[in-house]
Amino acid sequence: MVEIEYPGVYMEELSVPPVQIEGVATSIAAFVGRAWCGPVDAPVRINNFHEFTARFGGLWQESTVSYAVKQFFDNGGTDAIIVRVATRAGRSAATPARIILKDGEMFAASSPGSWGLNLKVSIDRTPAQDKATFNLTVDDDAASNRAAGRRAGSGVSERFTDVSVDPASPRFVTTVLAQNSALLRVELKLRKVAPSVQANVRAQGARGTDGIAIGTTDVTAASNIAAKTGLYALDGADMFNILCIPPYSPTSDLDFTKDWTPASQYCVTRRALLLVDPPANWQVGDAEAQVSNLGSLARSNAALYFPRVLAVDPLNNNQVTAFAPCGLVAGVMARIDANRGVWKAPAGLEASLVNAAGLSVPVDDHADGLLNPLGVNCLRVMPNAGTVVWGARTLDGADALASEWKYVPVRRFALYLEESIDRGVAWAVFEPNAEPTWARLRASVEAFMHRLFLAGAFRGTKASQAYFVKCDATTTTQADIDRGIMNIVVGFAPLKPGEFIVLSARQVMPQNV
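Per our numbering, the very first residue in the sequence shown carries number 845; after that it's consecutive.
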């Protein structure tokens, strides 16, 4: 504080505190695939399986995603993004159920699928309402079982009062339903007068179909990129960290070239990790032979877990069934992130798979010794621990590749740092590209890195051993300044999992007395 002694102008220099960088989330898992109901080709964020049931209909035997999402939350996941995909074209397309009132007004279920066949619509009016205004009730009838597999409705009921067929009305029925109804939409333009009073009008005609099983065309094909459909509907999500694409159907596998490769390349652009599921028929020898021949898959942003996991299927009389492991592993990652930090390997005795009943292929020390050096993460059944994740390598983790992104925690931690710093220094865009701005950037990033150092995220006992931050005239040259470029260089010493613990034992022989 400046000491005031005489009349005049006093100046005081105030330091500008560094902008604090907040760490981003680390375990938002994106799931792409078929679901019973819900919006199609749109990312929807949920925080528990109850929300998934409300939005997407819960477990459905034809939906491998529904099981994967449940397994994610059962294993500790708390944050997921769901992209429902349905077949879109031709006779095999999924279609919304259609409800036609007696005067010809036409409504439709809010999303494709036979679930809409359980809907019923009722119209009523009051004497005080004008000729354009009415009340609408729509029920997803729990007493009806018209959907595929004779599945009943959810029991959800919605009522909209004083809606109007007048487009100029603030209660225009088309807008009200689009913004507020989870069940119903207006399909065709309505007449200028309100529908007549009628009760429990049900879907009719050939619409209201689930379509056939989705495939590459619907999810990862290049045609989806511009349309932002399938996998690329995730362009509408702010961020995600883990990508799960379970098998397109209970009897199919994704193709390494057509599916896993574009998915892994997309993960590179989104700073995410792809969890690759093994084909259902893989044995240990298949994994050993094929993992080194994955074409142009972006290995550093992908991890493969083998084999499939056995668990009971509540929709099939609790029969034990083999499931792709991605949902369970994503949940384990979320659980360990929350308990230990993203820099901790999501593997070991604490990485137990909740509700797992075993593995589709037995994996012993010999099999693990063959696959781990190739970058295949084995799932194991361990005494007193159950089924656990027993590997922490990316597909770039084969010993022969000697990649800096060999380990899952190192790669995920680096992606976390990149995303956090990228968002945290956005304030510097359009600031003067000179030392005052560089100093503030250094201070911000160093403060962020130091908090992580104190949390035990780096190797080294001193900050200088754990990380460095450079942003000065050596990183940003005059040529960079002339092109409007400001460079920050951040380095860190990552923690790496101890895959091999070597114990030395010495036997001391008793001395002759």
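Where is the CB? At the ideal position from N, CA and C, for every residue including glycine.
These numbers were taken from a predicted model, which means no experiment stands behind them.
For this session: Would you kindly work out how many angstroms separate the C-alpha atoms of ASP1240 and ALA1107, rounded to a whole number?
Result: Position 396 of the sequence shown, counting from 1, holds the residue named residue 1240. Position 263 of the sequence shown, counting from 1, holds the residue named residue 1107. One C-alpha to the other measures close to 16 Å.
Exercise. If we count the other Cβ atoms within 10 Å of its Cβ and call it buried at 16 or more, is GLN1351 buried or exposed?
Worked result: The count along the sequence shown starts at 1 and reaches residue 1351 at position 507. For GLN1351, the predicted structure reports a pLDDT of 47, less than 50, and the residue's modelled location is therefore unreliable. A value from the coordinates is still provided. By the neighbour-count rule (16 or more Cβ atoms within 10 Å), GLN1351 is not buried but exposed.
For this session: Have a look at ALA1178 and THR870 and give me their C-alpha separation to the nearest angstrom.
Result: Residue 1178 sits at position 334 when you count from the first residue of the sequence shown. Residue 870 sits at position 26 when you count from the first residue of the sequence shown. If you take the alpha carbons of ALA1178 and THR870, they lie about 8 Å apart.
Problem set entry | CA-to-CA distance, ALA1272 to SER1204, given in whole angstroms | In the sequence shown, the residue the question calls residue 1204 occupies position 360. In the sequence shown, the residue the question calls residue 1272 occupies position 428. C-alpha separation (whole angstroms): 52 Å.
For this session: Please list, in chain order, all residues of the same chain as LYS964 whose beta carbon is under 6 Å from its beta carbon, the five residues on each side excluded.
Result: As a first step, residue 964 is located in the sequence shown; it is residue number 120 there, counting from the start. Only ASP983, ASP985, ASN1044 and ARG1046 meet the Cβ criterion.
Exercise. Residue range of the alpha helix (DSSP H) that ARG969 falls in?
Worked result: Walking along the sequence shown from the start, residue 969 turns up at place 125. Looking at the DSSP string, ARG969 is not in any alpha helix (DSSP H), and its letter there is neither H nor E.
Exercise. If ARG928 and GLU906 are in contact, beta carbons under 8 Å, what's the gap, nearest whole angstrom?
Worked result: For the purposes of this step, residue 928 is identified with residue 84 of the sequence shown, where counting begins at 1. For the purposes of this step, residue 906 is identified with residue 62 of the sequence shown, where counting begins at 1. Contact doesn't hold; Cβ gap of about 12 Å is too wide.
Exercise. Can you name, in chain order, every residue of its own chain whose Cβ lies under 7 Å from the Cβ of ARG932, other than the five neighbours on each side?
Worked result: Here residue 932 is taken as the residue at index 88 of the sequence shown, counted from 1. Excluding residues within five positions, the ones whose Cβ falls inside 7 Å are ASP1062.
Exercise. What residue from ALA1146, ARG1152, VAL1176 and ARG1184 has the CA that sits closest to ALA1299's CA?
Worked result: As a working mapping, residue 1299 is identified with position 455 in the sequence shown. With distances taken between Cα atoms, ALA1299 lies closest to ARG1184.
Exercise. Does the region 1108-1121 come close enough to the region 884-898 that 3 or more CB-CB pairs lie under 8 Å?
Worked result: no
Problem set entry | Residues sharing a beta bridge with PHE1150, DSSP | The residue given as residue 1150 occupies position 306 in the sequence shown. DSSP output for PHE1150 lists CYS1222 as bridge partner(s).
Problem set entry | Buried versus exposed, by CB contacts within 10 Å (16 or more), ILE1329 | Your numbering for residue 1329 matches position 485 in the sequence shown. Exposed, because fewer than 16 other Cβ atoms sit within 10 Å of the Cβ of ILE1329.
Exercise. Secondary structure at ARG1360, three-state DSSP: helix, strand or coil?
Worked result: An answer regarding residue 1360 cannot be provided, because it is not within the stretch 845 to 1357 covered by the chain.
For this session: Answer with buried or exposed for VAL1293, where buried requires no fewer than 16 other C-beta atoms within 10 angstroms of its C-beta.
Result: Here residue 1293 refers to the residue found at position 449 of the sequence shown. Checking the sequence shown, residue 1293 turns out to be Met, not Val. Per the 10 Å Cβ criterion, buried.
Exercise. Quick one: is SER1008 buried, meaning 16 or more other Cβ sit within 10 Å of its Cβ, or exposed?
Worked result: Counted from its first residue, the sequence shown places residue 1008 at position 164. Answer is buried; the Cβ neighbour count reaches 16.
For this session: Determine the direct distance from the alpha carbon of ALA1116 to that of ILE1086, and round the result to whole angstroms.
Result: For the purposes of this step, residue 1086 is taken as the residue at position 242 of the sequence shown. For the purposes of this step, residue 1116 is taken as the residue at position 272 of the sequence shown. The alpha-carbon atoms of ILE1086 and ALA1116 are separated by roughly 5 Å.
Exercise. With PRO791 and PRO1253 assumed to form a contact (beta carbons below 8 Å), what rounded beta-carbon distance in angstroms separates them?
Worked result: In the structure displayed, the chain extends from 845 to 1357; residue 791 sits before or after that span and is not available.
For this session: Return the first residue and the last residue of the beta strand (DSSP E) that ILE943 is part of.
Result: For this step, residue 943 is matched to residue 99 along the sequence shown. From DSSP, the beta strand (DSSP E) with ILE943 extends over 942-944.
For this session: Measure the alpha-carbon distance for ASP1099 versus GLY1139 and round it to whole angstroms.
Result: Taking the first residue of the sequence shown as 1, we reach residue 1099 at position 255. Taking the first residue of the sequence shown as 1, we reach residue 1139 at position 295. Distance between the alpha carbons of ASP1099 and GLY1139 is about 11 Å.
Exercise. Are the CB atoms of GLN1048 and ARG942 nearer to each other than 9 Å?
Worked result: By 1-based counting over the sequence shown, the position of residue 1048 is 204. By 1-based counting over the sequence shown, the position of residue 942 is 98. The answer is yes: Cβ separation under 9 Å.
Exercise. The beta strand (DSSP E) spanning LYS1314 covers which residue range?
Worked result: Indexing the sequence shown from 1 puts residue 1314 at position 470. Counting along the chain, the beta strand (DSSP E) containing LYS1314 begins and ends at 1311-1314.
Exercise. Within 10 angstroms of its Cβ, does PHE875 collect 16 or more other Cβ (buried), or is it exposed?
Worked result: Taking the first residue of the sequence shown as 1, we reach residue 875 at position 31. Buried.
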